[in-house]
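Under our numbering, the residues of the sequence shown are numbered 52 to 424, in order.
Just so you know, even glycine gets a beta-carbon here, dropped at the ideal spot from N, CA and C.
Notes for the one structure printed next.
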Amino acid sequence: MRITGAVLEESGRPRPYARSRPITVGELELGDPGPTEVLVAIEAAGVCHSDLSVVDGNRPRPLPMLLGHEAAGRVLARGDRVADLEVGQRVVMSFLPRCESCAACARDGLLPCTNGSRANAAGELLGHPGRLSRAGAQVRHHLGVSAFATHAVVDRASVVPVGADVPPEVAALLGCAVLTGGGAVLNVARPEPDDTVMVIGLGGVGMAALLVAKALGVRRIMAVDRLPDKLAAARALGAAETCTPTEVVERGLRARFAIECAGHPAALETAYAATEAGGVTITVGLPAPTSTVTLPALSITAEARTVVGSYLGSAVPARDIPRYERMWREGLLPVERLISSRIGLADINTAMDLLADGAAVRQVVMFDHQPPE
Ligand SMILES: NC(=O)c1ccc[n+]([C@@H]2O[C@H](COP(=O)([O-])OP(=O)(O)OC[C@H]3O[C@@H](n4cnc5c(N)ncnc54)[C@H](O)[C@@H]3O)[C@@H](O)[C@H]2O)c1
Ligand SMILES: [Zn+2]
Ligand SMILES: [Zn+2]
Numbered sequence: 052m053r054i055t056g057a058v059l060e061e062s063g064r065p066r067p068y069a070r071s072r073p074i075t076v077g078e079l080e081l082g083d084p085g086p087t088e089v090l091v092a093i094e095a096a097g098v099c100h101s102d103l104s105v106v107d108g109n110r111p112r113p114l115p116m117l118l119g120h121e122a123a124g125r126v127l128a129r130g131d132r133v134a135d136l137e138v139g140q141r142v143v144m145s146f147l148p149r150c151e152s153c154a155a156c157a158r159d160g161l162l163p164c165t166n167g168s169r170a171n172a173a174g175e176l177l178g179h180p181g182r183l184s185r186a187g188a189q190v191r192h193h194l195g196v197s198a199f200a201t202h203a204v205v206d207r208a209s210v211v212p213v214g215a216d217v218p219p220e221v222a223a224l225l226g227c228a229v230l231t232g233g234g235a236v237l238n239v240a241r242p243e244p245d246d247t248v249m250v251i252g253l254g255g256v257g258m259a260a261l262l263v264a265k266a267l268g269v270r271r272i273m274a275v276d277r278l279p280d281k282l283a284a285a286r287a288l289g290a291a292e293t294c295t296p297t298e299v300v301e302r303g304l305r306a307r308f309a310i311e312c313a314g315h316p317a318a319l320e321t322a323y324a325a326t327e328a329g330g331v332t333i334t335v336g337l338p339a340p341t342s343t344v345t346l347p348a349l350s351i352t353a354e355a356r357t358v359v360g361s362y363l364g365s366a367v368p369a370r371d372i373p374r375y376e377r378m379w380r381e382g383l384l385p386v387e388r389l390i391s392s393r394i395g396l397a398d399i400n401t402a403m404d405l406l407a408d409g410a411a412v413r414q415v416v417m418f419d420h421q422p423p424e
């Protein structure tokens, strides 16, 4: 079928992207879903730093690529071997499909799926080289999804069903910001209400970590960012204390759990510096593959410290997304408060500029489809 989508043509073009226009919006061809795949009408797609990292070249990927991985939509068609999803079902996209047969999948979310990771790096779907093309030439999928488009064909393992009462823009954010930032709290830190939690880097991922910590009853949440607007927003969402990375060091602030959600090595060094003896530094951000950090070596041993990485919130999406959905329904997880603006596909280059400037938390691309019969 013919679809409209936003394709990244080239990485590393100069800012502002509104002028250099690395992403073009136009028509593409989308193949039919294979036996284990579904066709989804995309309703909402959030703009995440992991999209920007392909645009700016921090995460090198094969191009051209149709971006977008944090999304929700409705199932329009399903392959012969997809028996457990009805047409019309609202689904959340998951940006790392689980094959359920590799050794990593057996580790319950602690390790990213080997086969899903390989497909994502190649810009392919889990069990197929890809369903997207333009004038006969291949266009790659982003993280098994490619949601900055009216429609997507994805593997069944790339979607999780949610209730029709969850608005599409809320459902979209459950798939990346909440699963990732929230998972660092829920699956890795597992704090008690009296534990201190510090979040460093207050984009969609960091703010979602903050919301989940608050939902778990953590009383002392500290929020850290370079930008004053982000600190004010974090206070409004329930952070007990906010400060800049410089102030963390100057004031000697420490937390039992320090969660880095910025994607910069300096932020990981801040998080480590702010972790108590016996505490845990959790890193969620995805810096450039060449970047390195310097940590004071003795303290790791002498203070019994832990540094742990968390990809995809160390989550099993089919297990965890329903949990966040319930928390949202109970009013414990006000995900809509992470939304800065609702935009159209044509605004996508400008959206990348705003994200790079830290001027937005989550911008969500909205799509109008006829309601299902
Ligand atoms: N691990 C995963 O599975 C996963 C999933 C999604 C996103 N990510 C990564 O998480 C990171 C955050 O994503 P996002 O969409 O929330 O990004 P974002 O750009 O919206 O937010 C990043 C925030 O970090 C702040 N920041 C930058 N440098 C800092 C520093 N040195 N100290 C403190 N704050 C600093 C920025 O001002 C900004 O507010 C990115 O690296 C993204 O690629 C990881
Ligand atoms: Zn993301
Ligand atoms: Zn696997």
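One question on the structure: do Leu224 and Phe146 come within less than 8 Å of each other, judged by their Cβ atoms?
no
What separation, rounded to the nearest whole angstrom, lies between the Cα atoms of Thr293 and Ile372?
28 Å
If you follow the alpha helix (DSSP H) that Gly255 is part of, which residue opens it and which one closes it?
255-266
Between Val196 and His120, how many whole angstroms is the CB-CB distance? I'm expecting something under 8 Å.
4 Å
To the nearest angstrom, report how far apart Ala123 and Asn166 are at their CA atoms.
23 Å
Could you give the residue range of the alpha helix (DSSP H) that holds Arg169?
165-173
How far does the beta strand (DSSP E) with Arg129 in it extend, from its first residue to its last?
121-129
Under 8 Å Cβ to Cβ from Glu320, same chain only, skipping five residues before and after it: list those, please.
Val344, Thr345, Leu346
Residues near ligand 3, criterion Cβ-heavy atom distance below 7 Å:
Arg149, Cys150, Glu151, Ser152, Cys153, Ala155, Cys156, Cys164, Thr165, Asn166, Gly167
What span of residues does the beta strand (DSSP E) with Val221 cover, start to end?
Per DSSP, Val221 belongs to no beta strand (DSSP E); it is in the alpha helix (DSSP H), 219-224.
Does the separation of the CB atoms of Ala397 and Val106 fall below 8 Å?
no
Where Gly382 and Gly268 are concerned, what is the direct C-alpha to C-alpha distance, given to the nearest angstrom?
13 Å
Does DSSP put Thr55 in a helix, a strand or coil?
strand
Do you know offhand how far Val303's Cα is from Thr341's?
In the sequence under discussion, the amino acid at residue 303 is Gly, which differs from the Val named in the question. Each residue's Cα considered, the two are about 29 Å apart.
Please state whether DSSP places Gly187 in a helix, a strand or coil.
coil
Does DSSP classify His202 as helix, strand or coil?
strand
When we look at the beta-carbon of Asp408 and count the other beta-carbons within 10 Å, is it buried (16 or more) or exposed?
It is exposed - the Cβ of Asp408 has fewer than 16 other Cβ atoms within 10 Å.
Contact test: His47 Cβ vs ligand 2 heavy atom, cutoff 7 Å
This structure cannot settle anything about residue 47, because the visible part of the chain is limited to 52 through 424.
Please state whether the Cβ-Cβ distance between Leu384 and Arg413 is less than 8 Å.
When the beta-carbon positions are compared, Leu384 and Arg413 stay at least 8 Å from each other.
Could you tell me the distance, in whole angstroms, from the CA atom of Gln140 to the CA atom of Arg125?
5 Å
Glu61 (DSSP reduced to helix, strand or coil):
coil
Just to confirm my understanding: we take Gly63, look at its own chain, exclude 5 residues before and 5 after, and list those with CB closer than 7 Å. What are they?
Asp107, Gly108
Tell me, please, which residues DSSP counts as bridged to Ser209.
None, per the DSSP bridge assignment.
Could you check how far apart the C-beta atoms of Val250 and Ala274 are, in whole angstroms? I think they sit under 8 Å.
The pair is a contact, with the Cβ atoms about 5 Å apart (cut-off 8 Å).
Mind checking whether the beta-carbon of Thr345 lies closer than 7 Å to any heavy atom of ligand 1?
Thr345: no, Cβ never under 7 Å from ligand 1.
For Pro423, which residues of its own chain have a beta-carbon under 7 Å away from its beta-carbon, when the five flanking residues on both sides are left out?
Summary for Pro423: the model assigns pLDDT 48, below 50, so the residue's position carries little reliability; its value from the coordinates is reported in the next sentence. Arg125, Gly139.
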